[in-house]
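Residues in the sequence shown are numbered from 1 upward in steps of one, following full-length UniProt numbering.
Ideal Cβ positions, reconstructed from N, Cα and C, are used throughout, including at glycine.
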Amino acid sequence: MNKKPGDWNCGSCNHLNFSRREMCQRCADPRPVSAYVPPSSGSGRTISVLRGDWYCTCGYHNFASRANCLKCGASKSNPGGGANAENRPFLPGDWTCTRSGCNEHNFASRTECYGCNAPRESGKFIN
Numbered sequence: 001m002n003k004k005p006g007d008w009n010c011g012s013c014n015h016l017n018f019s020r021r022e023m024c025q026r027c028a029d030p031r032p033v034s035a036y037v038p039p040s041s042g043s044g045r046t047i048s049v050l051r052g053d054w055y056c057t058c059g060y061h062n063f064a065s066r067a068n069c070l071k072c073g074a075s076k077s078n079p080g081g082g083a084n085a086e087n088r089p090f091l092p093g094d095w096t097c098t099r100s101g102c103n104e105h106n107f108a109s110r111t112e113c114y115g116c117n118a119p120r121e122s123g124k125f126i127n
């Protein structure tokens with residue numbers, strides 16, 4: 001199989017996955033943030049974390065409507081089962097928007113602020 005733009009290799013089992021897959025076809029691990037291709041490369045994929053979305057302790061990004069993690073089945077309401085996307089801990093490369101009144105936590109992969117669409121250049125990087 002030829003690798004096309006947006007296709008990604010799983011970090012756990014090294015399986016080559018099509019760009020449309022959110023989880024590895026072989027081992028079901030979630031697609032890593034680094035495997036997302038910015039829209040300028042032609043794939044049209046971006047990371048959209050909406051208010052109410054949550055991250056499970058297994059690391060999977062779940063939509064607000066889910067009561068259980070899509071990957072591991074942990075309950076959102078179970079202590080330790082999930083964390084609100086807004087309360088996700090800062091990781092290397094994450095940044096805080098410094099536009100007046102915003103102060104939104106943005107993931108390293110975002111080129112614009114999640115809260116106000118200001119360019120990343122207007123933010124403060126967190127190490």
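What does a CB cutoff of less than 6 angstroms around residue i pick up in its chain, not counting 5 residues either side in sequence?
| i | result |
| --- | --- |
| Arg26 | Cys13, His15 |
| Cys10 | Cys24, Asp29 |
| Cys116 | Arg99, Cys102 |
| Glu22 | Arg31 |
| Thr111 | Arg120 |
| Asn2 | none |
| Ala118 | Cys97, Arg99 |
| Cys69 | Cys56, Tyr60, Asn62 |
Got a sec? Which residues, its chain only, sit under 7 angstroms from residue i by beta carbon, not counting five neighbours each side?
| i | result |
| --- | --- |
| Phe18 | Asp7 |
| Asp94 | His105, Asn106, Phe107, Ala108, Ile126 |
Between which two residues does the beta strand (DSSP E) harbouring residue i extend?
| i | result |
| --- | --- |
| Cys24 | Taken as a continuous stretch (DSSP letters only), Cys24 belongs to no beta strand (DSSP E), as it is neither H nor E. |
| Tyr55 | 54 to 56 |
| Thr96 | 95 to 97 |
Do residue i and residue j have their C-beta atoms within less than 8 angstroms of each other?
| i | j | result |
| --- | --- | --- |
| Tyr60 | Lys76 | no |
Residue i: which of the options sits nearest, CA to CA?
| i | options | result |
| --- | --- | --- |
| Tyr114 | Leu91, Arg51, Asn2 | Arg51 |
Could you tell me which residues DSSP pairs with residue i in its beta bridges?
| i | result |
| --- | --- |
| Pro119 | Glu112 |
| His105 | Thr96 |
| Asn68 | Ser75 |
Enumerate in chain order the residues of its own chain whose CB-to-CB distance from residue i is below 8 angstroms, with the five nearest sequence positions on each side excluded.
| i | result |
| --- | --- |
| Val49 | His61, Ala85, Phe107, Tyr114 |
Using a Cβ-Cβ cut-off of 8 angstroms, state whether residue i counts as contacting chain B.
| i | result |
| --- | --- |
| Arg99 | Chain labels in this structure do not include chain B; a single protein chain is all it has. |
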